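Heads up: the structure comes next, in C-alpha cells.
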C-alpha cells in the first residue's frame, strides 16, 4: 500500500471534526502533521485523541495554508512517501468557484474535501492514480480550473512569471486546484522545496491580494504539468474531458450569481431566526431555538 504524508493546516480549529471525518476514510498508512497558529490545548488534545502519533507544529500566521505546507514538506524526506495530501480549514464562503455558483457557504469546503470525504471516494482516488501513471494530482473536478476560468488573471500571470523566472521551470499548462486541497505524487514537489521556504511568504492579512500564497495556489498545479503529469478528478477524468463549463466569462459568472441571489435568498437575522425568500417574497421562516 502507498505511504502518504498528510498535512492539515488548522487555522480554524472548529473544522477539525469535519476534516478528521475525512481522514478516517484513508485506508493506506499515513503520517499526519497538523499545523496551528495558536497553542490551543483543547484542539491539540482532540488531534492526539484522533491519531496519537500525529505531529503538531505551532507556526507563525504567514502564507495562508501554503507556507505551512511548504514548511512541512521541507522538514520531511519526500522520497519516503508515494503521495502527499494537503487539507486545510477553508472557511465558509458565499460566492462562486470558477463558474459554479455556491448555493451553500459550506459547499466549497465540501467540494475540496470530496476526494476523501467517503470511503468510496477515497478508493476512487487511489484507483485514479493506479490506473493512470500520468495522473499527478487528484481533486474534485469542480475545483480544477484552467487559465480560461481563472477568476483573477493577475494571479495567473504572476504565477506564470514565478514559475518560469524564479523557479526556472517551464510552463506547459496553466491548470490548478482552486482552494488548494488535493492528493498528489510527492516527487512533483521536490523542485519547490529545494528553492522555497516558509520565510519567503508574507504574514497573512485577509485583505491582501496577489500574495505569494495566492500565487502558489496556482503554482502547485502548474508544476504538475511542467513535469509531464496531469490533474484528474477522483473518477479518473482529466480536466480536458469534463463537461463543458456553462459560463465562459467572469461577467457571466457574476451575472449568474446575481440572478440566483435575486431568485433565492436565505438569511439569518440578529435573533438567529432563519428566513427564506423567493423573488424577495418571504416563503418560509424558522424561529431560533437558542434560549437567551
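Residue numbers (the numbering used here): 1422 to 1713.
Even glycine gets a Cβ: it sits at the ideal position worked out from N, Cα and C.
Model, not experiment: these values are computed from the prediction.
Could you check where the beta strand (DSSP E) with residue i kicks off and where it finishes?
| i | result |
| --- | --- |
| residue 1654 | 1651-1654 |
| residue 1508 | 1504-1509 |
| residue 1698 | 1695-1699 |
Under the DSSP definition of a beta bridge, which residues are partnered with residue i?
| i | result |
| --- | --- |
| residue 1457 | 1479 |
| residue 1427 | 1453, 1506 |
| residue 1566 | 1597 |
| residue 1540 | Bridge partners of residue 1540: none, in fact. |
| residue 1559 | 1604, 1653 |
| residue 1702 | 1699 |
| residue 1624 | 1483 |
Report the rounded CA-to-CA distance for residue i versus residue j, giving the unit in angstroms.
| i | j | result |
| --- | --- | --- |
| residue 1639 | residue 1594 | 11 Å |
| residue 1575 | residue 1567 | 14 Å |
| residue 1426 | residue 1632 | 26 Å |
| residue 1635 | residue 1537 | 24 Å |
| residue 1572 | residue 1461 | 35 Å |
| residue 1625 | residue 1490 | 14 Å |
| residue 1622 | residue 1492 | 11 Å |
| residue 1532 | residue 1511 | 11 Å |
| residue 1528 | residue 1561 | 12 Å |
| residue 1653 | residue 1501 | 24 Å |
| residue 1455 | residue 1600 | 18 Å |
| residue 1662 | residue 1563 | Caution is warranted here: a pLDDT of 46 is assigned to residue 1662, below 50, making its placement in the model unreliable, and no coordinate value can be reported. |
| residue 1465 | residue 1498 | 24 Å |
| residue 1581 | residue 1592 | 7 Å |
| residue 1477 | residue 1530 | 22 Å |
| residue 1482 | residue 1509 | 13 Å |
| residue 1666 | residue 1463 | Because residue 1666 carries a pLDDT of 43, less than 50, the predicted location of this residue cannot be relied on, and no value is offered for it. |
| residue 1607 | residue 1503 | 6 Å |
| residue 1720 | residue 1496 | In this structure the chain extends from 1422 to 1713, so residue 1720 is not present and cannot be described. |
| residue 1775 | residue 1545 | For residue 1775 there is no data in the structure shown, the boundaries of the chain being 1422 and 1713. |
| residue 1484 | residue 1702 | 43 Å |
| residue 1585 | residue 1578 | 11 Å |
| residue 1637 | residue 1583 | 9 Å |
| residue 1548 | residue 1447 | 13 Å |
| residue 1433 | residue 1569 | 31 Å |
Can you tell me whether residue i is buried or exposed? The criterion is at least 16 other CB atoms within 10 Å of its CB, across all chains shown.
| i | result |
| --- | --- |
| residue 1704 | exposed |
| residue 1695 | exposed |
| residue 1420 | Absent from the structure is residue 1420, since the part of the chain shown begins at 1422 and ends at 1713. |
| residue 1470 | exposed |
| residue 1603 | buried |
| residue 1618 | exposed |
| residue 1473 | exposed |
| residue 1587 | exposed |
| residue 1438 | exposed |
| residue 1700 | exposed |
Between which two residues does the alpha helix (DSSP H) holding residue i run?
| i | result |
| --- | --- |
| residue 1530 | 1528-1533 |
| residue 1440 | 1437-1444 |
| residue 1467 | 1462-1471 |
| residue 1586 | Counting along the chain, residue 1586 falls outside any alpha helix (DSSP H), and DSSP gives it neither H nor E. |
| residue 1610 | No alpha helix (DSSP H) holds residue 1610; DSSP gives it neither H nor E. |
| residue 1643 | 1633-1647 |
Could you check how far apart the C-beta atoms of residue i and residue j are, in whole angstroms? I think they sit under 8 Å.
| i | j | result |
| --- | --- | --- |
| residue 1480 | residue 1458 | 6 Å |
| residue 1655 | residue 1553 | No, residue 1655 and residue 1553 are not in contact; Cβ-Cβ is about 12 Å, not under 8 Å. |
| residue 1642 | residue 1597 | 3 Å |
| residue 1430 | residue 1486 | 4 Å |
| residue 1651 | residue 1557 | 6 Å |
| residue 1539 | residue 1590 | Between residue 1590 and residue 1539 the Cβ distance is about 35 Å, and since that is not below 8 Å, they are no contact. |
| residue 1644 | residue 1613 | 7 Å |
Does residue i come within less than 8 Å of chain B when only Cβ atoms are used?
| i | result |
| --- | --- |
| residue 1614 | No chain B is present in this structure, which holds just one protein chain. |
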